[in-house]
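S.K.:
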Amino acid sequence: MGANETNVIGRAVRRKEDARFLTGTGQFTDDVNPPRHTHAYFLRSPHAHARIVAIDASRAKAAPGVVAVFTGADLEGVNGLPCGWLITGTDGKPMNEPPHPVLAKGKVRHVGDPVALVVAESPHQAKDAAELVDVDYEILPAVVSCVEALKPGAPQVHDEAPGNRCYTWSLGDKAAVDAAFAKAAHVSKLDIVNNRLIPNAIEPRAAVASYNAAEDAYTLYVANQNPHVERLLMTAFVLGLPEHKVRVIAPDVGGGFGSKIYLYAEETAMVWAARRVGRPIKWAAERSESFVSDAHGRDHVTHAELAMDAEGRFLAMRVHTTANMGAYLSTFASCIPTILYATLLAGQYTTPAIHCEVTAAFTNTVPVDAYRGAGRPEATFVVERLVHQAGVDMKLSQDEIRRRNFIRTFPYQTPVALTYDTGGYDACLDEAMRLADVAGFAARKAEAAKRGRLRGLGYASYIEACGLAPSNIAGALGARAGLFEAGEVRVHPTGSVTVFTGSHSHGQGHETTFAQVVASRLGIPVENVDVVHGDTGRVPFGMGTYGSRSLAVGGTAIVKALDKIVAKGRKIAAHLLEAAETDIEFADGKFTVAGTDRSKTFGEVALTAYVPHNYPLDKLEPGLNETAFYDPTNFTFPAGTHICEVEIDPETGVVEVVSFAACDDFGNIINPMIVEGQVHGGLAQGIGQALLESCVYDAESGQLLSGSFMDYALPRADDVPSFKVGTKVTPCTHNPLGAKGCGEAGAIGAPAAMMNAVHDALAAVGVKSLDMPASPHRVWKAIRAARA
Amino acid sequence: MSVTIAMSVNGRPVEATVDARTLLVEFLRNDLALTGTHVGCDTGQCGACTVLLDGKAVKSCTILAAQAAGAKVTTIEGLARDGTLHPMQAAFRDCHGLQCGFCTPGMVMSALDLVARHPAPDERTVREGLDGNLCRCTGYHNIVKAVQQGAAAMRQGG
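The listed protein sequences correspond, in order, to chains G and X.
Residue numbers are given in numbering that gives the first Met the number 0: position 65 of the first sequence equals residue 64, and the series is strictly consecutive.
Residue numbers are given in numbering that gives the first Met the number 0: position 98 of the second sequence equals residue 97, and the series is strictly consecutive.
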């Protein structure tokens, strides 16, 4: 597909960003080397929970190459790291928000908690000197499980949070749910653990902070998904710096998956220190640090029940979840197991009554926050594991139990606060079943059985809420930030275009997708459109990229700016063509007087805007440069069905994913190649959660046992199959692109589909319940236990 | 302790005096400013730092710069010729075998080593051959396609 074509919506245009990545000329944060820069190393707590009796940094300060050493006591006037979402509990009180110091003060609360910042001439010198910082710890008992943390007598993580409770929160009509359960013909029940995950973007977090005395201004390069939010939180809430004196640049960023949304201690301490040191400071996390300092994901313990009538129609759902917040509230931690979780428990079904209660607990573990899907994978896992169990209990096929309960009338108001604008769940289920060759499954299962292998098929019909919105409703629910997006379209005199977007791309391909949107609308080649993102010094404003919002929200902001460009262009063209503005039509890059062949190209109009010799200067400003802010009126609701087929060797417990089919409805698609890539990546992460990945803490010491790639099993190429993916389209009804978002769907649907397939296979040998990850050891043990 | 080392990097002779504990990846990134080779872990697991040492893929974080003395090192920066992508680079672009681009240099260098040993690899061979390189974005689906397409183009002398 040539980049010089203009009608490029829905085309697999090859990515504009690839050339630099393929030739090694991308610029990631660790590639930034300002003159005279120093190197940072963070001394971290080796203990899960300890009182800091004393810190003596004198030996470290005297070590070779050391420029400075800072501890919590040095950061006078620096506030703690803020949480961006205030949850109000069922008792009407605000959540407990204990302080989150940038460098530990008084206590350390998890292994990896930063204690001191060492700045030196080289990374090796900084690391060597950190070993010379003498910290006298009084070790305290630790608690790592959220269930244990809430029990009486558990070690107290914060004095400000009695009983380690952050909040207890609920959603839904409890009385209606209780009444429905009382008259149910059958109730299916499950106890579910949603295992804690470590995001592990392949680029470790990194930052380069510098201070320019001449301008009294700071520049921070940081591996981050939303530089404007980073700047706002850091300046206004923590450091008390003027926002306009700090420029945050998130250059090429090597994956995020949520873990690079947050304001972290490291870059905050570095910006503070850069002025004190008077030289730029650079830090790149070692992977071992990433494991103990990047926000983790998931970690829920849930009991869920589904009430049905005699025909398997859902009457009500009851869910109780305990969620682990870790040692401190990360930037958006509090809204993940509440606003982004309980609201999704209707799934694709007409369940009329739902009640969910969530208790969030502090523990001596790394803070937990949004990780690809953020609440929706947890909700989907609860709903779809329950639906699978319901199908088994009611002796209905897995597609039939779903079809009996699908929502088919839109808009649909769920009992958990959301209004789905559109969807087509049967179409995705049908197509997924075709892709998965469900019709041939019985024969494959029989053939596998002859070889002594167990085959299973698992379904997940997920829904997600993307493009978190609108700001006023989110604000009423506790959001402390806006949820709009900004876009600026700058048309140059020669007709080429630079787009500045508040969205951020760290693998999603915005430079291509957004360019396709602009090129198609303006009728110019994709190669004439450049997309700039990730720099508060160049982009007007932005909320960044998370929650699959970039195209639906960020793309729409660009479309709104394009509308203004075209409207102004129409005025200019009307003047040039001596016609009424209302008679000017714009299509295929031309402004035409309706019903005539008289026209001006987009390029001619652009040139006129900047060389306004023949121009209505009394009525119109010169130039062609427009900015728009877009605040969505609703969430978008991508949905689909994923079907997984596994084969299990009962002698070894090894689960092989033999086939994975996914049919998703993302609304209108701009670049199918990029969308498929997003699905593939999400599926691998979901399969990783279900089969391989597990963050394990020692329950006594609170030490992270899965602290490297040798212990934490990230999926490798030979752990996953090739995927069969398809799409169906019901366009989103409330944004002009009709787009819903595709970035998280794979990770949302896959774990439930995988585990349903594993349970389907293991049903033959009597295994009833198995938690993720379905590792060979666990599967083997479950089979042995069931046979015994 | 310092050592003086000489080697060929992307066909260019280089000589430098470095701290003896300098890793090859540190030498490439910090001394030669070849920042296309990335560091993704500290246990030799992720493969983002993979380069070719005398034609064979090595993780440049697992050897000292001094151990590469006298060798021919090829990094991601040494593949394109006169602005034209190497067939393997072109295949990664054409198959959408990269997203964030951070693992990509190591992935391409490993793919070249794989194709040198298996000129027409089937899917299983590619998946097993890339076992030492982690990607968190692509789910490997399109990387596998890219390596097979790149191998085909290399067989045809593309």
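Beta carbons are placed, not taken as given, at the ideal position from N, Cα and C, and that holds for glycine.
(1) Just checking my contact of G:Ala103 with G:Ile51 at CB under 8 Å: how many whole Å lie between their CB atoms?
(2) Which term fits G:Ala438, buried or exposed, when burial requires 16 or more other beta carbons within 10 angstroms of its beta carbon?
(3) Secondary structure at X:Ala151, three-state DSSP: helix, strand or coil?
(4) What is the rounded straight-line gap between the Cα of G:Ser549 and the Cα of G:Asp398?
(5) Which residues of chain X have a Cβ atom closer than 7 Å to the Cβ of G:Glu285, listed in chain order?
(6) So, with DSSP's three-state summary, where would you put G:Leu713?
(7) With DSSP collapsed to three states, give me the class of G:Lys104.
(8) Does G:Asn95 have its Cβ less than 8 Å from a Cβ in chain X?
(9) Does G:Ala148 pass the burial test, meaning 16 or more other C-beta atoms within 10 Å, or should it be called exposed?
(10) Name the residue from X:Ala150, X:Arg11, X:Thr137 and X:Leu97 whose alpha carbon lies nearest to the alpha carbon of X:Thr73.
(11) With 8 Å set as the bound, which would you pick, yes or no: does the beta-carbon of X:Cys48 sit closer than that to a beta-carbon of chain G?
(12) Is DSSP giving G:Pro203 helix, strand or coil here?
(13) So for G:Met0, helix, strand or coil by DSSP?
(14) Let me see if you follow: with CB-CB separation under 8 Å, is G:Ala2 close to chain X or not?
(15) Please specify which runs of the alpha helix (DSSP H), each continuous and at least 4 residues long, are wholly inside the stretch 12-44 of chain G, giving them in chain order.
(16) Report buried or exposed for G:Thr555, applying the criterion of at least 16 other Cβ atoms within 10 angstroms of its Cβ.
(17) With respect to the alpha helix (DSSP H) encompassing G:Asp562, which residues constitute its N-terminal and C-terminal limits?
(18) To the nearest angstrom, how far is the alpha carbon of G:Gly481 from that of G:His185?
(19) Determine the DSSP secondary structure at G:His123, reduced to helix, strand or coil.
(20) Distance cutoff 8 Å, beta carbons only. Does G:Ser721 sit that close to anything in chain X?
(21) From the DSSP output, which residues share a beta bridge with G:Ile583?
(22) Mind listing which residues of the stretch 198-209 of chain G have their C-beta closer than 9 Å to chain X's C-betas, in chain order?
(23) Would you mind telling me which residues of chain G sit closer than 9 Å to X:Gln44, beta carbon to beta carbon, in chain order?
(24) Could you check if G:Ser57 is buried or exposed, using at least 16 other CB atoms within 10 Å of its CB as the buried criterion?
(25) Output the distance between the C-alpha atoms of X:Leu84 and X:Thr21, rounded to the nearest integer angstrom.
(26) Classify G:Val525 as buried or exposed, calling it buried when 16 or more other Cβ atoms lie within 10 Å of its own Cβ.
(27) When you compare only the Cα positions, how much space is there between G:Pro631 and X:Ala145?
(28) Using the beta-carbon count (16 or more within 10 Å), is G:His776 buried or exposed?
(29) With G:Ile338 as the anchor, note down where its beta strand (DSSP E) starts and where it stops.
(30) To the nearest angstrom, how far is it from the Cα of G:Val365 to the Cα of G:Leu561?
(31) Is G:Gln702 helix, strand or coil by DSSP?
(32) Mind listing which residues of the stretch 125-144 of chain X have their C-beta closer than 9 Å to chain G's C-betas, in chain order?
(33) Consider the Cβ of G:Thr28: report whether some Cβ of chain X lies at a distance smaller than 8 Å.
(34) Give a yes or no on whether the minimum CB-CB distance between G:Leu790 and chain X is below 8 Å.
(35) Just checking my contact of X:Ile142 with G:Thr22 at CB under 8 Å: how many whole Å lie between their CB atoms?
(36) Is the distance from the Cβ of G:Ile747 to the Cβ of G:Arg375 below 8 Å?
M.R.: In short, the structure shows the following:
(1) Sure, about 6 Å apart at Cβ, within 8 Å.
(2) By the neighbour-count rule (16 or more Cβ atoms within 10 Å), G:Ala438 is not buried but exposed.
(3) Here X:Ala151 sits in helix by DSSP.
(4) So the two alpha carbons sit approximately 32 Å from each other.
(5) For G:Glu285, the chain X residues whose C-beta falls within less than 7 Å of its own C-beta are Asp41, listed in chain order.
(6) Coil.
(7) G:Lys104 falls in the coil class under three-state DSSP.
(8) It does not; no Cβ of chain X falls within 8 Å.
(9) So G:Ala148 counts as buried.
(10) When only C-alpha atoms are compared, the closest one is X:Arg11.
(11) Under the Cβ distance rule, X:Cys48 does not count among the residues neighbouring chain G, no pair being separated by less than 8 Å.
(12) Coil at G:Pro203, not helix or strand.
(13) Reliability of the predicted coordinates at G:Met0 is poor, the pLDDT of 43 falling under 50, and the value obtained from them is presented with this limitation in mind. In the structure shown, G:Met0 sits in coil (DSSP, three-state: anything other than H, G, I, E or B).
(14) Reliability of the predicted coordinates at G:Ala2 is poor, the pLDDT of 44 falling under 50, and no value is obtained from them.
(15) Here the runs fully enclosed are 17-21.
(16) Around the CB of G:Thr555, 16 or more other CB atoms lie within 10 Å, so the residue is classed as buried.
(17) Thr555 to Leu576 is the span of the alpha helix (DSSP H), which, as asked, contains G:Asp562.
(18) Going from the Cα of G:Gly481 to the Cα of G:His185 covers about 44 Å.
(19) Of the three classes helix, strand and coil, the one that applies to G:His123 here is helix, per DSSP.
(20) At least one chain X Cβ lies under 8 Å of G:Ser721.
(21) Among the bridge pairs identified by DSSP, G:Ile583 is matched with G:Val592.
(22) So the close ones are Pro198, Asn199, Ala200, Ile201, Glu202 and Pro203.
(23) Within chain G, the residues near X:Gln44 are Arg286, Ser707, Phe708, Met709 and Leu713.
(24) Flag for G:Ser57 reads exposed.
(25) Distance from the CA of X:Leu84 to the CA of X:Thr21, rounded to the nearest whole angstrom, comes to 31 Å.
(26) Classification for G:Val525: buried.
(27) When rounded, the distance between both Cα atoms is 38 Å.
(28) Counting other Cβ atoms within 10 Å of its Cβ, G:His776 stays below 16 and is therefore classed as exposed.
(29) From DSSP, G:Ile338 is part of no beta strand (DSSP E); its letter is neither H nor E.
(30) Roughly 43 Å between the two C-alpha positions.
(31) Reduced to three states, the DSSP call for G:Gln702 is coil.
(32) Within the stretch 125-144 of chain X, the qualifying residues are Val125, Arg126, Glu127, Gly128, Leu129, Asp130, Gly131, Asn132, Leu133, Cys134, Arg135, Cys136, Thr137, Gly138, Tyr139, His140, Asn141, Ile142, Val143 and Lys144.
(33) Closer than 8 Å: no.
(34) In the structure displayed, chain G extends from 0 to 787; residue 790 of chain G sits before or after that span and is not available.
(35) About 17 Å separates the beta carbons of X:Ile142 and G:Thr22, which is beyond the 8 Å limit, so they are not a contact pair.
(36) By the CB criterion at 8 Å, G:Ile747 and G:Arg375 fall inside the cutoff.
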